[in-house]
Structure formats: C-alpha cells, structure tokens
Amino acid sequence: MNRKSIYSKLIAALLCTSFLYSCTRGTTTNTDTSSDTTTEQKIATIIGDKSISTVISELVSYDEEDSYTEWKNESPSYIKLNGASATVEGSGAEVKDSTVTITEAGVYVLSGKLDDGQIVVEVEDRGTVRLVLNGVEINNSNSSAIYAKKAGKTIVSLEEGTENTLTDGEEYTGVSTDDEPSAALFSKDNLTINGTGKLIVNGNYNDGITSKDDLKITGGDIEVTSVDDGIVGRDLLAVKSGIIVINASGDGVKATNDEDITKGFIAIEGGKFNIESNQDGIQAETYVLINDGEFNITSGGGSVNGVTKTDNGMGGPGGFGGKQGGNTNTQQTSESNSTEDTASTKGIKASGEIGIGGGNFNIDSADDSVHSNNSVVVNGGDLKIISGDDGIHSDTIMVINDGNINITKSYEGIESSDITINGGDINVVASDDGINVAGGNDGSSINGRPGENNFSSASSDKKLTINGGYVMVNASGDGLDSNGSMYMTGGTVIVSGPTNDGNASLDYDGTFDVTGGYLIAYGSSGMAQTTSDSSTQNSVIMTYNSSQAVGTLVHLQDSDGNTIVTITPNKAYQSIVITSPELQKDKTYTLYTGGSSTGTEKNGLYTNGKYTAGTKVVDFSISSSVTWLSESGVTEARTNQMGPRGGQQGGKGGMQGAPADGQQPPTKQ
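With mature numbering (1 follows the signal peptide of the UniProt record, and there is no 0) as the guide, the letters of the sequence shown map in order to residues -22 to -1, 1 to 647.
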C-alpha cells in the first residue's frame, strides 16, 4: 500500500466516533530522557469498540515484496565481499576501495566479509532495492555497515540457514546535520526485513537498526546490541513475524515521529521478542497496537530498580495524630530525590493509546510495566507483570475486556482516571493501592517522585466500573480506591486489603453503587467503607472486636444452610464486606468463623463444597441495603468509620468523623 493510502486510512480512523473520547496529552514537563520536553499535542483515540487486529489492518498494509520470495529468477546481481574490497557480477553497483554503492533498483545478493567498509544504497529514481544477505560480515569503523541513503524502499532479505553480521564504529565521520546515518543498519527511507536467516547487529555508535520512514519486519532471526536504541522506525514500526532479541542501553524498539499524529506508532501482529533495555522496552510517540506475539521485556534493570516509596504507616499518637502520619513528605528514592534527567524505564509506553488484543507478555520493569499518556484497551492476552511502579497505567481511560493479567509486584497495580473492567482474570499485588482511580491516599505525588503520574483534581469524572471478570487484589494500601465513585454490575471481586488502619479495602469519595456481582473485601477496620445505601444489591459489613488471625475462615450462610460465601483470608483482618445477589431483605443469615470446607479453592474463596461449622459469631436479618454487624449483632453505621487521613488534624490522635450514613469519606488531601 502506498503511503498516501495509509495516511488516508489513519486520518479516517482518527476522526471516527468511538466510545472512547478524544483527549489532550496536556502540557507537561517531561523529564524522561527518551522523550521531548514540554509538548502539547492532540492524540485522538483510534480503537473504540474495534478489535486490535481490525485497527492494525486499517492502519498498516504489507506489499507482496515485504514477504520473502525466491530471488534466483529475478536476474540478481552478485556482490562478493573480499576483506578490503569487493567484486560485482552483474549491473547496478560499483566498487570504490571498500565501499560498494548500489545505484539502480533491483536484487543484489551479498556474501563474504568486509573488514572495514560499507554498502551504500543511492538510487536516483527511488526504486526498490533488495539486498539478499547470503552469509555476510560487514564491519565499518567510522559509519554504518549498510547505509540506504536514497531509495523508495530497501528490503533486507535474510537467506535461510545463513548468519549475517553488521557492526559499526564507535565514532562516525561524515554525519549530516540531521544526524544521519546513526545506526549500523540505517535507511533514510522505507526499510523492510524479511526471510528466515539470522542477522546480528552491533550498534556501537548509536542505534542498531533505524529507518527514518517506515520499518517493517516480516521474518528473520534478528539479534541487536546497541549503545542506544535497538530498533527504530520513525514513522512506523510494524512487525508481523520473526525472532527479535535486543540488548539496548537506550530503548528496545521505538517509533519516534512526534510531529505528526498519524505517524510515530508501533503495530505488532506476531513474533517473539526478548528485550533488555536500560530505558523503555517498547515506546511510541503515538500508539502501540499489539495483537499477538511473545514478549519478554526487562526495562531499567527490572523492578528491583524501582524507586522506594513513602511508608503508608499512620504514625502519630494513637495511630492518627501527630505529624501527618504516613504522609510525612520523606519519600526516598533508590538514587536521588531529583527527577531531572531521569530516564524513562517503562515496559511498554505510548503517548497515545495502547491496545492489546492478544499475546504472551512477561514484563519486569523499573517503572510502569504498561503506560499510556492517553488510554489503554486490553481485549486479550496473557500478561505477567513485575513492576517497580504501576503495573498498568493510563492517564485518561482504561478498558479491560478480556485477558489474563497477573501483576505479582507493583507499587500501584492498575491506575487510571476512568477504569472499566468488563471481563478477564485479573490478579494484582500492590505495595500501595491495588486498583486506583486518579491518585489516592498514597505517596505517588509526594515530592514529585520519579515515575509519578499526574491527574486532574476534579473527581466528578473519575470512576471505577466493574461489569464482569474475576478480580483478585492483594494490597498493602487501599484495595479499590477511587477519587470519584465506584460501580459494580457483575463479576467476582476479592480484595485482600491492608492490615494497617491508615488504609482500607474499599476507599471512595463519591458513592459505591452495586447492582450485581460478588464482592468480598477484608482488611483493617479503622477506615473501612462498604457499599452505598443507594445500591440495589444488599451487602453486609462485619467488624470484629479484634484482629482475626491470617487463615481464619469466614463463612456466611442463610437460614436454610445454603452457603453465601466461604473464604479464607490470606492476611490478618478485622473487617469484611460481602455483597452477593443471594443476600435478600427480610431473611436471616448466620456468620461463622473457623471451620473447614471441601470446596474448590481459588484465592481463598471456596465453591461447590460442604462447610463444616466452626464458631458461630452472629445471627442477623437484612432490613436495608447495607447491614452493619459487630459480634453483638446488627449495629448502626459507624459515624467515625473513615477517620482522618494519616493524622490530617495533627496534634492529638483524635478521629475525624464521616457523614452519619458512614458511606462517604472526608475529602482527600
């Protein structure tokens, strides 16, 4: 497809109406060394309710020549490399000393070794030049090994069963004012890599492979080591297949055009990636679209290099008063409190949307594992994430429709201004908030930590919506945290919340309306919240006289002995919230502690088993949408259930009361 056609399709996609709204990156001071400084650019959403494969097919098209084809019947010219010189059999190429210059479109088969030389492509009519690498080693001590200076398209074909090596020098001579060339394999125009052979690229000057236009990879076993970025496509980086191994001191793979919102994106339909980068693993100035593939990404040395965050302890006398408690503004980082010139070390990063339709991901990142300055859509895939900061982050909207997401380490697990979960199997472990809508009671914005994510202060447009799926959250901070409201219509959610009274399993500023689904949230009791009185589905919140030991089973059943919930919490707890469609008004229920179950267990929750009774705690009847329980029976909603935010009153350790209905906390600081 020609570039005009691609451009037209992308413009059409940008203008189409979708359920995701257009948004502005905003004016931000970006301290990531891999990005420009202050920028303001409108980047529209392009995914909407489309599949990721559909979006990619609308934006990227492959010509027949982009795939490997047999070349022997195409009247090729043969270039034999002989140490300090080369010979040409055929037409279209000339040799001067150790430089081979290709001046005509056509097919060229290269073999042999250049000790210190270069292959230059310079075709005046900008036709297509195909370089078949049939076992070559090209070294250049002062420039690129292959420099496609002028051509409509350069195709590098890796012949089956061959190994080909390109190595450039640490210092270049003759570099233009545009810093060209800048990679061991460099193309000023479109570049395609195909075939099944092996390509080893050693980028000693800057990047490994760079195209200043579109870069497409449809095959090959590619191994890149570079002192800066691994593989760069300025306008587009598209991968359909291949094995790609990158060890980069900069970013792993990236698209760099930040001047045109229709360009600068990455589209991956398949392939196997093993990326180790000192900075971002995959980075695009506009969009990252991934429909399939296998990805092993370690960025910034991995999560062990994540910054040290603020302690969530409450501090102060009585656990609440004194100096600001957990928010003492003494945040520490692993290196320095300054965020200036801090390299971006995210796993997958985009200024525009990130769309994941499938694939297998193993990401170990020092900063966010998946990060968008716009929105994130996950329609499928298997994501295993270990993060030094957020597991998955977007500034505006996040939609999870399906997929397996397993975040085994993070500061905050999933974070955005607006999160919708429609399906999938999600497991989150977080040292602070598990699922966080626009900030929360954490140290994420204190002292401007590296990797912090900024949101607007308004809470009216911030919400967490759960319509389906299976969600397990294990958080040391708040479990589900929204600076706005929360809504639940379906799905199953288990929250293993904090053990300290400075956080809560559920934490919201607006309302938490539940109309369906199953929720079990346990943790500390000092700031415990439950669902809102406006919910049409009933819930109960039980507060114990003292903390219950880890592993102490909780069982709730109706008067006929039918199980509502049987769960074994994985940490100590003093309160538990249960909401279920089976909880009906004017019916009687019994809550037990201890005992055992023969059911199938997942994340502590038992299903389809028989319960052997432990100790009965309380019998109760439901008369309203929210039933408050103590070990003595039904009680009133606690007027002080929320308490202050880490000693926000200061001085004495007194508790600051919440509204009488016990549902809405004080405004967050």
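The C-beta atom is built at its ideal place from N, Cα and C for all residues, glycine as well.
Item to check | N- and C-terminal bounds of the alpha helix (DSSP H) containing Ser537 | outcome: Premise fails: Ser537 is in no alpha helix (DSSP H) and is neither H nor E.
Item to check | Ile600 in three-state terms, based on DSSP | outcome: coil
Checklist entry - Is the beta carbon of Val107 sitting closer than 7 Å to the one on Val101? => result yes
Checklist entry - Which residues in the same chain have their Cβ closer than 6 Å to the Cβ of Asp213, if we skip the five residues on either side of it in sequence? => result Asp191, Asp192, Asn235, Lys241
Next on the checklist: Is the beta carbon of Thr557 closer than 7 Å to that of Val612?
Outcome noted: no
Checklist entry - Mind checking Val282: buried by the 16 CB within 10 Å criterion, or exposed? => result exposed
Item to check | Cutoff 6 Å; reference Ile545; Cβ partners in own chain excluding five residues on either side | outcome: Ile498, Val532, Gly582, Leu583
Checklist entry - For Gly228, which residues of its own chain have a beta-carbon under 6 Å away from its beta-carbon, when the five flanking residues on both sides are left out? => result Asp206, Asp207, Gln257
Checklist entry - How many angstroms separate the CA atom of Thr566 from the CA atom of Gly539? => result 11 Å
Checklist entry - Between the stretch 51 to 70 and the stretch 360 to 372, do at least 3 Cβ pairs fall closer than 8 Å? => result no
Item to check | Sub-7 Å separation of Gly573 and Ala591 beta-carbons | outcome: yes
Next on the checklist: Once DSSP output is grouped into helix, strand and coil, what is the label at Asp192?
Outcome noted: strand
Checklist entry - Mind checking Gln526: buried by the 16 CB within 10 Å criterion, or exposed? => result buried
Next on the checklist: Here's the rule: buried if 16 or more other CB atoms are within 10 angstroms of the residue's CB, otherwise exposed. What is Gln562?
Outcome noted: exposed
Checklist entry - Rounded C-beta distance between Gly501 and Thr470? I'm assuming under 8 Å. => result The Cβ separation is near 18 Å, so there is no contact.
Next on the checklist: Counting C-beta neighbours from all protein chains within 10 Å, is the total for Gly139 16 or more, i.e. buried, or is it exposed?
Outcome noted: exposed
Checklist entry - What residue range is occupied by the uninterrupted beta strand (DSSP E) comprising Thr145? => result 141 to 145
Item to check | beta strand (DSSP E) runs contained entirely in the stretch 151 to 237, provided each spans 3 or more residues | outcome: 161 to 165, 168 to 173, 176 to 181, 185 to 189, 192 to 195, 199 to 204, 209 to 211, 214 to 217, 221 to 226, 231 to 233
Next on the checklist: Within the continuous alpha helix (DSSP H) that includes Ser35, where are the two ends?
Outcome noted: 30 to 37
Next on the checklist: Going by DSSP in three states, Asp75 sits in which element: helix, strand or coil?
Outcome noted: coil
Checklist entry - Between Thr521 and Ser610, which are expected to be in contact by the criterion C-beta below 8 Å, what is the C-beta distance as a whole number of angstroms? => result Actually they are not in contact, since the Cβ atoms of Thr521 and Ser610 sit about 11 Å apart, beyond 8 Å.
Checklist entry - How far does the beta strand (DSSP E) with Val107 in it reach, from first residue to last? => result 106 to 117
Next on the checklist: Count Cβ pairs between the stretch 139 to 148 and the stretch 70 to 84 that sit closer than 8 Å; are there 3 or more?
Outcome noted: no
Checklist entry - Taking all protein chains shown into account, do 16 or more other C-beta atoms lie within 10 angstroms of the C-beta of Glu48, making it buried, or fewer, making it exposed? => result exposed
Item to check | Boundaries of the beta strand (DSSP E) in which Gln96 is found, first to last residue | outcome: 96 to 100
Next on the checklist: At the level of alpha carbons, what is the spacing between Ile375 and Ile334?
Outcome noted: 14 Å
Checklist entry - Do Asp41 and Thr196 have their CB atoms nearer than 7 Å? => result no
Next on the checklist: One question on the structure: do Ser350 and Lys324 come within less than 7 Å of each other, judged by their Cβ atoms?
Outcome noted: no
Next on the checklist: I'd like to know whether the C-beta atoms of Thr188 and Ser160 end up nearer to each other than 7 Å.
Outcome noted: yes
Item to check | Residues near Val449 by beta carbon distance below 6 Å, same chain, minus five either side | outcome: Ile404, Val471
Checklist entry - Can you tell me where the beta strand (DSSP E) with Tyr56 in it begins and where it stops? => result 55 to 61
Item to check | Proximity below 7 Å, CB of Ser165 to CB of Ala126 | outcome: yes
Checklist entry - By Cβ distance, which residues of its chain are closer than 6 Å to Ile268, with the 5 residues on each side in sequence left out? => result Ile246, Ile334, Gly337
Next on the checklist: Just to check my reading of the structure: Gly412 and Val354 have Cβ atoms closer than 8 Å, yes? What is that Cβ distance to the nearest angstrom?
Outcome noted: Incorrect: roughly 17 Å between the Cβ atoms, too far for contact.
Next on the checklist: For Gly279 and Thr320, what's the separation of their Cα atoms in angstroms?
Outcome noted: 14 Å
Next on the checklist: DSSP has Gly333 in a bridge; who is on the other side?
Outcome noted: Leu267, Val355
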